[in-house]
Amino acid sequence: MTRFIFITGGVVSSLGKGLGSAAIAALLQARGYSVRLRKLDPYLNVDPGTMSPTQHGEVFVTDDGAETDLDLGHYERFTGVGNRRTDNVTTGRIYSDVLAKERRGDYLGATIQVIPHVTDAIKEFVHANLDGEDFVLCEIGGTVGDIESLPFLEAIRQLGNELGRERSCFVHVTLVPYIKAAGELKTKPTQHSVKELQSVGIQPDILMCRTEQDMPDEQRGKIGLFCNVREDAVILAHDVSNIYEVPLAYHAQGLDKQICRHFGLDYEAPDLTRWQDINHAIKNPEGEVNITIVGKYVSLQDSYKSLTEALTHGGIANRQKVNLTWLDSEVLETDDDAIVASHLSTADAILVPGGFGERGSQGKIRAIQFAREKNVPYLGICFGMQMAVLETARNLAGLKAASSTEFGETSEPLVGLMTEWNVGNELTTRDEDDDLGGTMRLGAYDCVLEQGSLALENYGKTDISERHRHRYEVNISYRETLEAAGMKISGLSPDGKLPEIVERPDHPFFIAVQFHPELKSRPFEPHPLFSGFVNAAKERSRLV
Ligand code: GLN
Numbered sequence: 001m002t003r004f005i006f007i008t009g010g011v012v013s014s015l016g017k018g019l020g021s022a023a024i025a026a027l028l029q030a031r032g033y034s035v036r037l038r039k040l041d042p043y044l045n046v047d048p049g050t051m052s053p054t055q056h057g058e059v060f061v062t063d064d065g066a067e068t069d070l071d072l073g074h075y076e077r078f079t080g081v082g083n084r085r086t087d088n089v090t091t092g093r094i095y096s097d098v099l100a101k102e103r104r105g106d107y108l109g110a111t112i113q114v115i116p117h118v119t120d121a122i123k124e125f126v127h128a129n130l131d132g133e134d135f136v137l138c139e140i141g142g143t144v145g146d147i148e149s150l151p152f153l154e155a156i157r158q159l160g161n162e163l164g165r166e167r168s169c170f171v172h173v174t175l176v177p178y179i180k181a182a183g184e185l186k187t188k189p190t191q192h193s194v195k196e197l198q199s200v201g202i203q204p205d206i207l208m209c210r211t212e213q214d215m216p217d218e219q220r221g222k223i224g225l226f227c228n229v230r231e232d233a234v235i236l237a238h239d240v241s242n243i244y245e246v247p248l249a250y251h252a253q254g255l256d257k258q259i260c261r262h263f264g265l266d267y268e269a270p271d272l273t274r275w276q277d278i279n280h281a282i283k284n285p286e287g288e289v290n291i292t293i294v295g296k297y298v299s300l301q302d303s304y305k306s307l308t309e310a311l312t313h314g315g316i317a318n319r320q321k322v323n324l325t326w327l328d329s330e331v332l333e334t335d336d337d338a339i340v341a342s343h344l345s346t347a348d349a350i351l352v353p354g355g356f357g358e359r360g361s362q363g364k365i366r367a368i369q370f371a372r373e374k375n376v377p378y379l380g381i382c383f384g385m386q387m388a389v390l391e392t393a394r395n396l397a398g399l400k401a402a403s404s405t406e407f408g409e410t411s412e413p414l415v416g417l418m419t420e421w422n423v424g425n426e427l428t429t430r431d432e433d434d435d436l437g438g439t440m441r442l443g444a445y446d447c448v449l450e451q452g453s454l455a456l457e458n459y460g461k462t463d464i465s466e467r468h469r470h471r472y473e474v475n476i477s478y479r480e481t482l483e484a485a486g487m488k489i490s491g492l493s494p495d496g497k498l499p500e501i502v503e504r505p506d507h508p509f510f511i512a513v514q515f516h517p518e519l520k521s522r523p524f525e526p527h528p529l530f531s532g533f534v535n536a537a538k539e540r541s542r543l544v
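With the numbering used here as the guide, the letters of the sequence shown map in order to residues 1 to 544.
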């Protein structure tokens, strides 16, 4: 029997609902239950693929090629359960499906309305593509009270009614602010938020109150009383020092116990060893490494969420604290080597992450040149691989005009738009004039690693699969030119046409990949490239 937990948020946004949902799922897993997490986003974009990373944070790509909300990254990192396209939906997607059906005449002449047509489509999404999981956790994006959320709240209200209390549970995450002048925690915003939820017919079963302070029992009792929630189901969600402590903190507050009680399940102590080990490693590092990330959206670190987490995981694997410096690549756009060195000389390792557009690319190439010449460990991801190829072509192969067609026409297209490639057995054709939404090479693709390569040494196997999100590819016809300049193509698509990994055998650790390895890293299963990279940074920090 599949049970459903619906997670809503109130008072303010950014309460960490996504992390909270992921942590609840992790606690259920620790009791042996199977879980699936889903996110219902009320905005009108069909998916986050076209949204600016500075506004919306990272776009998380699934194996099956969906561009989804960054919370899905937390879900995977906390549970290890791979997300699918059917685990994230937006108002835009729901409406476009409903309207497509209407155009096809599927509604047989009916008047199409929010209730029941839109709410039915939302409910179908909640139930779709499940594998008999013990628990499905559905997080509703946005804040209760937003106009946009109403159809979603109505849909989950109906689901609660249809499933019954024994199969559904409503968790509401709120903020209990501390007012310094009064020296008190204030419960009123929570009361209002719950009232708002009740006004659409939803009575929360569990409240998770985010606070910076300990909450006296009296306040807890008051919240319970005014919000019609049992006092012990009012859970304190205290701020913690690192996100992987959240499952332990919620457990200490009795959250999983309350969920079991709600569903009438036997309460047995969960096995939290995995989380204890991770926290032990994070809190007791044996050393530190300094890694500089040279990119464009460095002002909003949410746009590189999975990347920073993967680096933390690499740190866990090596018992290192990873200190990150975010450097705007444009500061490196100078001919003066001393200026470049002044920004990069403290780095034990340099990383150029994914990116789009020409602005700042020259600075990234300068950073890569510095890493290559000074033997500083380098990891390039997606755009960071394309720029590494341009660096070698321009500075070592004498191809001054080497460029990417992403930046305009060029006589030396080292990186170019592939107008077609294989998805499974089908040939997918892309046109330069296609819509921007969903036109990239997206999702998991196989890659074969070369014998004797650094890539193979790190992965420990020749056949790998990694997730992609890009339009341009390194042009295989330049293979000989690159190899003559010391850059080896060490990973290729199975048909041998698409370079997936390049590396420099003359360097201690210089590797760049066309895919996004950070999307598959987990705290309890750090990605081999990030473990290898942090290890190389550790070696370097010992040398200098
Ligand atoms: N802009 C490059 C491309 O589209 C790289 C994209 C990325 O780094 N994700 O191919």
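The beta-carbon is built from N, C-alpha and C at its ideal position, and this holds for glycine as well. Since we're looking at a predicted model, the values are computed, not measured.
Proximity below 8 angstroms, CB of residue i to CB of residue j
i           : j           : result
residue 537 : residue 377 : yes
residue 46  : residue 86  : no
residue 560 : residue 97  : No answer is possible for residue 560: it lies beyond the span of the chain, which begins at 1 and ends at 544.
residue 10  : residue 149 : no
residue 534 : residue 322 : yes
residue 250 : residue 279 : no
residue 63  : residue 443 : yes
residue 142 : residue 74  : no
residue 514 : residue 382 : yes
residue 332 : residue 343 : yes
residue 138 : residue 263 : no
residue 404 : residue 445 : no
residue 292 : residue 325 : yes
residue 169 : residue 205 : yes
residue 294 : residue 363 : yes
residue 540 : residue 348 : yes
residue 229 : residue 248 : no
Ligand 1 heavy atom lying under 7 angstroms from the CB of residue i
i           : result
residue 56  : no
residue 356 : yes
residue 304 : no
residue 382 : yes
residue 472 : yes
residue 406 : yes
residue 469 : yes
residue 386 : yes
For residue j and residue i, the rounded distance between their alpha carbons
i           : j           : result
residue 134 : residue 36  : 8 angstroms
residue 33  : residue 457 : 35 angstroms
residue 339 : residue 346 : 13 angstroms
residue 400 : residue 51  : 34 angstroms
residue 365 : residue 288 : 26 angstroms
residue 20  : residue 282 : 20 angstroms
residue 384 : residue 341 : 19 angstroms
residue 531 : residue 523 : 11 angstroms
residue 397 : residue 480 : 10 angstroms
residue 438 : residue 467 : Any answer about residue 438 is weak, because its pLDDT of 47 lies below 50 and its placement is not dependable; what the coordinates show is given next. If you take the alpha carbons of residue 438 and residue 467, they lie about 14 angstroms apart.
residue 198 : residue 67  : 33 angstroms
residue 225 : residue 286 : 48 angstroms
residue 252 : residue 109 : 55 angstroms
Close-in-space but distant-in-sequence residues of the same chain around residue i (CB under 7 angstroms, 5 per side omitted)
i           : result
residue 567 : The requested residue 567 does not occur in the structure, where the chain is confined to residues 1 to 544.
residue 130 : 2, 36, 136
residue 369 : 391, 395
residue 123 : 155, 158, 159
residue 102 : 112
residue 388 : 368, 380, 502, 512
residue 242 : 282
Close Cβ partners of residue i (< 6 angstroms) along its chain, the five nearest in sequence each way excluded
i           : result
residue 360 : 296, 329, 330
residue 156 : 6
residue 257 : 267
residue 177 : 186
Sequence-distant residues of the same chain with beta carbon closer than 8 angstroms to residue i, five excluded per side
i           : result
residue 79  : 22, 25, 26, 29, 35, 37
residue 425 : Since pLDDT at residue 425 reaches only 49, below the 50 mark, its modelled position is unreliable, and the value read off the structure follows with that caveat. No residues qualify anywhere along the chain.
residue 92  : 43, 44, 45, 46, 47
residue 15  : 9, 173, 174, 175, 210
For residue i: DSSP bridge partner residues
i           : result
residue 4   : 136, 168
residue 413 : 403
residue 320 : 287
residue 60  : 68
residue 465 : 446
residue 488 : 503
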